[in-house]
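Only one structure is covered here, and it is reproduced in the block below.
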Amino acid sequence: MKPVVKSLLAAALSAVLLSSCATNTAYYNNLNKMIGERRYPEAASLIESEKLNSYGEKNALLYYMDIGYLQHLSGQYDASNESFERAKKIADDLFTKSITTEISTFLVSDNTRPYAGEDFERAMINIICALNYALLGKDNDALVEARQVDQFLTKLQTDTGSKSVYKEDAFARYLMGMLQENMGELNDAYISYYQALKAYKEGFKYFKCAPPTELVADALRLANKLGMNDDIADIKKNFTVMPYAVPAGDGELVLLAYNGYSPEKVDFFIDMAFGKAWANVALMKPKGEDAQKTAMAAGLAKSVIATDMIRIAFPTYESIPYETASVEAQADGSGAVAEGQLADDIGSIAKTNLDDHINRVRIKAIARAAVKHILAKQASDLVEKQFGKFAASLAKKSLSAVAAGTEVSDKRSWRSLPDKIMVVRMPLPAGTHTIKVTFRDNGGSVVSEQTLDNIVIKAKKKTFADVRSAR
Amino acid sequence: MKIVRGLLMSIVSAVVLFGISGCSSMPVVTRESSDAMIDVSGNWNDTDSQLVSKEMISDSLSRPWLTEFVAAKNSKPRVIVGEVINKSHEHINTETFVSDLERELTNSGQVKFVASKSQRDEMRAERADQAQNSSMATAKAAGNETGADFMIKGKINTIMDEAGKISLKYYQIELELIDMANGEKAWIGQKKIKKVVKKSSSSF
Chain A
1 MKPVVKSLLA
11 AALSAVLLSS
21 CATNTAYYNN
31 LNKMIGERRY
41 PEAASLIESE
51 KLNSYGEKNA
61 LLYYMDIGYL
71 QHLSGQYDAS
81 NESFERAKKI
91 ADDLFTKSIT
101 TEISTFLVSD
111 NTRPYAGEDF
121 ERAMINIICA
131 LNYALLGKDN
141 DALVEARQVD
151 QFLTKLQTDT
161 GSKSVYKEDA
171 FARYLMGMLQ
181 ENMGELNDAY
191 ISYYQALKAY
201 KEGFKYFKCA
211 PPTELVADAL
221 RLANKLGMND
231 DIADIKKNFT
241 VMPYAVPAGD
251 GELVLLAYNG
261 YSPEKVDFFI
271 DMAFGKAWAN
281 VALMKPKGED
291 AQKTAMAAGL
301 AKSVIATDMI
311 RIAFPTYESI
321 PYETASVEAQ
331 ADGSGAVAEG
341 QLADDIGSIA
351 KTNLDDHINR
361 VRIKAIARAA
371 VKHILAKQAS
381 DLVEKQFGKF
391 AASLAKKSLS
401 AVAAGTEVSD
411 KRSWRSLPDK
421 IMVVRMPLPA
431 GTHTIKVTFR
441 DNGGSVVSEQ
451 TLDNIVIKAK
461 KKTFADVRSA
471 R
Chain B
472 MKIVRGLLMS
482 IVSAVVLFGI
492 SGCSSMPVVT
502 RESSDAMIDV
512 SGNWNDTDSQ
522 LVSKEMISDS
532 LSRPWLTEFV
542 AAKNSKPRVI
552 VGEVINKSHE
562 HINTETFVSD
572 LERELTNSGQ
582 VKFVASKSQR
592 DEMRAERADQ
602 AQNSSMATAK
612 AAGNETGADF
622 MIKGKINTIM
632 DEAGKISLKY
642 YQIELELIDM
652 ANGEKAWIGQ
662 KKIKKVVKKS
672 SSSF
């Protein structure tokens, strides 16, 4: 009896110890605090120092995405690109699914599988790389990123067809159009602008992000230039046309404002406990590390007390509140103020994307709970035949504790991303300018301000810049 | 009992094996000959760069423009390699491709090769420095450079087609030889490479 009992207890202890720490809540709270205080180099150093602790090999993709983005915010564009090239390679390698890893997700949890990234996160890699290259003045390389994201989105549509809600990225197309136009590739730029308009229109019912009015103006302008008469009528019919033009000889500032924090995933637990003459079903959505630990302890306690206990865990998104609602820019302390427009609602995309495949996640979680329950029952039946009722009860409770302790949902996501991206477009004469950026809350009060010095505007070209506000 | 042990061990092994980081392993290094043709990822690599530059320069030097120039001028043409633009889906290091083109041109012995723009800028800075700091006997005077007769410019394009685990990569490399005197294109060359890359969808 002893070796079997020892094995069972060892399984229970190791499973609970090794599977319980999947949230890294404290780490991300610390990281978000640094981001909110604009301490980007420190945040990048923190990520680097936590490579093995808070990330580990299974979350290598998350590590390179987080550090790549913080290096970008720190102005370390070359280092950021190197990190993102590692991320692309890992994401590509993870296409190869390991059979043994997939089996373990049915026995333990989805956290045993290496994190492969959501499709919209993978598109963001190319978006940030493109900005890195543009900010380095390497426009040709920025266009390589444009082609890569185009290829990725084309493949996504081929592979998923109509099955997924996220199969196009309007903001990626919009940005790529601007980069292509900057390089004189007018035909490609027009196609990107038109695809962006279509993506905003078709995606509106899910992501609630209308096309920026400057994009509509860009598409119309190029359609006129290239003689796309059918498309001109189509654009005017389906979109609000507001005048926007860059005066001849001037250039343009394209300012990307990254606002807020992307939402975080939390567990949604369904616990079903059955006693001899009672049954209990509890729904829990613990927020924060303490609540998470309490929920884990409750699950373990129920698995000991109850005759039968099944825990099912699904991930669900929770928004992280912040104040910034709008952004505006003013050049050189005078002149008109240009207002930002929402161009990418990452939080909305993340939530909709999860909702879109939550049924698959739930079915798998239920199947996993069933597998664990059946295994525990069969194991205890066999133990009872050999060693009696007491040993069987111990076996069953140990395995129920293992099942409950290991049942946590996969809450991993690219947490350092912002919630929204707003774009401010401002025609300016060629030369060097100082730009004052103001972030306001819903009531119009100033939340924070930033100044961008030495912004060089070239005639007939777009100059890209970006700012982050997490307050 | 064996079945129970098996089931229990599978749970324990799954948790232990996949709950902790894998053991680190030393990399395995194998030295290869520099001209060995090895494809690892399916991306543009040194084999592509060397093959393309060799074939295209060989093609260029076999065309009438060379014999016509030599007949007219009674000297070898001076050629400079201009920009090769990367219009592909990959971050291709066009500098190594340009170096391969330059090597093929020089080693052919049929043309004279002129330094690139960046090299000339460096030389001019050195001459300016010599004018300031070197003896008159040894300083090299400005204004004695030999102008190129032709410039080679090019671009690398790709067409990609992907579905599931299969991707088809089609590279089209275009080079043009342009007469510096009148802008006429003396030669246009094109080389195509097609690769099928199949990713494994399961491993053990």
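Chains as they are written, first to last, in our numbering: chain A, 1 to 471; chain B, 472 to 675. All residues carry an ideal CB built from backbone N, CA and C; glycine is no exception.
In DSSP terms, what residue i is bridged to
| i | result |
| --- | --- |
| aspartate 344 of chain A | A:Ile421 |
| phenylalanine 330 of chain A | The amino acid at residue 330 of chain A is misidentified as phenylalanine; the sequence shows glutamine. Glutamine 330 of chain A pairs with A:Val337 and A:Lys436. |
| glutamate 633 of chain B | B:Ser638 |
| glutamate 318 of chain A | A:Glu264 |
| leucine 648 of chain B | B:Ile623 and B:Trp658 |
| tyrosine 133 of chain A | DSSP lists no partner for tyrosine 133 of chain A. |
| proline 427 of chain A | A:Glu252 |
| lysine 167 of chain A | In DSSP, lysine 167 of chain A forms no bridge with anything. |
| aspartate 466 of chain A | A:Leu256 |
| valine 452 of chain A | Note on identity: in this sequence residue 452 of chain A is leucine, with valine being the wrong assignment. Leucine 452 of chain A is bridged to A:Ile435. |
| isoleucine 551 of chain B | B:Met622 |
| lysine 236 of chain A | Paired residues: none, contrary to the question. |
| phenylalanine 584 of chain B | B:Val550 |
Under 7 Å between C-beta atoms of residue i and residue j
| i | j | result |
| --- | --- | --- |
| leucine 253 of chain A | leucine 428 of chain A | yes |
| lysine 670 of chain B | glycine 513 of chain B | no |
| aspartate 530 of chain B | glycine 660 of chain B | yes |
| alanine 91 of chain A | arginine 113 of chain A | no |
| methionine 272 of chain A | isoleucine 320 of chain A | no |
| lysine 656 of chain B | isoleucine 644 of chain B | no |
| phenylalanine 171 of chain A | isoleucine 125 of chain A | no |
| alanine 146 of chain A | methionine 178 of chain A | no |
| serine 533 of chain B | glutamate 575 of chain B | no |
| methionine 422 of chain A | alanine 338 of chain A | no |
| isoleucine 270 of chain A | leucine 283 of chain A | yes |
| serine 348 of chain A | lysine 208 of chain A | yes |
Which listed residue (the options) has its alpha carbon closest to that of residue i
| i | options | result |
| --- | --- | --- |
| alanine 529 of chain A | A:Ala26, A:Arg173 and A:Asn224 | A question about residue 529 of chain A goes unanswered here, because the residues of chain A that appear run from 1 up to 471. |
| isoleucine 630 of chain B | B:Pro498, B:Lys640, B:Gly618 and B:Phe540 | B:Lys640 |
| asparagine 492 of chain A | A:Glu37, A:Lys51 and A:Gly36 | A query on residue 492 of chain A cannot be resolved here, the shown segment of chain A reaching from 1 to 471 and no further. |
| serine 49 of chain A | A:Glu37, A:Asp66 and A:Arg38 | A:Asp66 |
| alanine 306 of chain A | A:Leu342, A:Ala401, A:Arg221 and A:Asp344 | A:Ala401 |
| asparagine 280 of chain A | A:Lys287, A:Val266 and A:Ser303 | A:Ser303 |
| alanine 403 of chain A | A:Ile312, A:Ile358 and A:Ala217 | A:Ile312 |
| glutamate 202 of chain A | A:Val327, A:Ser164, A:Ala376 and A:Gly335 | A:Ser164 |
| asparagine 564 of chain B | B:Ala619, B:Glu503 and B:Gln521 | B:Gln521 |
| threonine 105 of chain A | A:Ile358, A:Ala365 and A:Ala395 | A:Ala365 |
| lysine 88 of chain A | A:Gly117, A:Val456 and A:Gln76 | A:Gly117 |
| glycine 443 of chain A | A:Gly36, A:Ser326 and A:Pro243 | A:Ser326 |
| tyrosine 194 of chain A | A:Met228, A:Phe204 and A:Gly260 | A:Met228 |
| asparagine 111 of chain A | A:Ala295, A:Gly405 and A:Ala350 | A:Gly405 |
| arginine 373 of chain A | A:Ser192, A:Leu226, A:Leu399 and A:Ala465 | For the record, residue 373 of chain A in the displayed sequence is histidine; it is not arginine. For the residues A:Ser192, A:Leu226, A:Leu399 and A:Ala465, the minimum Cα distance to histidine 373 of chain A belongs to A:Leu399. |
| leucine 342 of chain A | A:Gln330, A:Asp250, A:Asp419 and A:Ala331 | A:Asp419 |
| aspartate 355 of chain A | A:Thr316, A:Thr463 and A:Ser409 | A:Thr316 |
Proximity test, Cβ basis, 7 Å: residue i and chain B
| i | result |
| --- | --- |
| arginine 147 of chain A | yes |
| threonine 160 of chain A | no |
| asparagine 182 of chain A | no |
| valine 144 of chain A | yes |
| arginine 151 of chain A | It should be pointed out that residue 151 of chain A corresponds to glutamine in this sequence rather than to arginine. Yes, contact with chain B. |
| asparagine 140 of chain A | yes |
| lysine 155 of chain A | yes |
Neighbour flag for residue i against chain A, beta carbons, 7 Å
| i | result |
| --- | --- |
| methionine 631 of chain B | yes |
| asparagine 615 of chain B | no |
| asparagine 628 of chain B | no |
| asparagine 557 of chain B | yes |
| alanine 634 of chain B | yes |
| serine 492 of chain B | Caution applies to serine 492 of chain B, whose pLDDT of 39 falls short of 50 and renders its modelled position unreliable; the value that the coordinates give is listed next. Chain A, which has a Cβ nearer than 7 Å to the Cβ of serine 492 of chain B, makes this yes. |
| serine 495 of chain B | Only weak support is given to the placement of serine 495 of chain B: the predicted model assigns it a pLDDT of 48, under 50, and the value that follows is read from those uncertain coordinates. Closer than 7 Å: no. |
Anticipated Cβ contact below 8 Å, residue i with residue j, distance rounded
| i | j | result |
| --- | --- | --- |
| leucine 62 of chain A | tyrosine 69 of chain A | Not quite, the Cβ-Cβ distance comes to about 11 Å (not below 8 Å), so this is no contact. |
| valine 437 of chain A | leucine 452 of chain A | 7 Å |
| glutamine 151 of chain A | histidine 560 of chain B | 6 Å |
| lysine 115 of chain A | arginine 86 of chain A | Reading off the sequence, residue 115 of chain A comes out as tyrosine, not lysine. Their Cβ separation, rounded to whole angstroms, is 14 Å, which puts tyrosine 115 of chain A and arginine 86 of chain A out of contact at 8 Å. |
| valine 447 of chain A | glutamate 323 of chain A | 5 Å |
| glutamate 168 of chain A | alanine 210 of chain A | Actually they are not in contact, since the Cβ atoms of glutamate 168 of chain A and alanine 210 of chain A sit about 15 Å apart, beyond 8 Å. |
| serine 232 of chain A | asparagine 238 of chain A | It is worth fixing the name first, because residue 232 of chain A is isoleucine in this sequence and not serine. About 11 Å separates the two Cβ atoms, so there is no contact after all. |
| lysine 558 of chain B | asparagine 628 of chain B | 5 Å |
| valine 555 of chain B | valine 585 of chain B | That belief does not hold up - the Cβ atoms of valine 555 of chain B and valine 585 of chain B are roughly 16 Å apart, past 8 Å. |
| asparagine 59 of chain A | arginine 412 of chain A | 6 Å |
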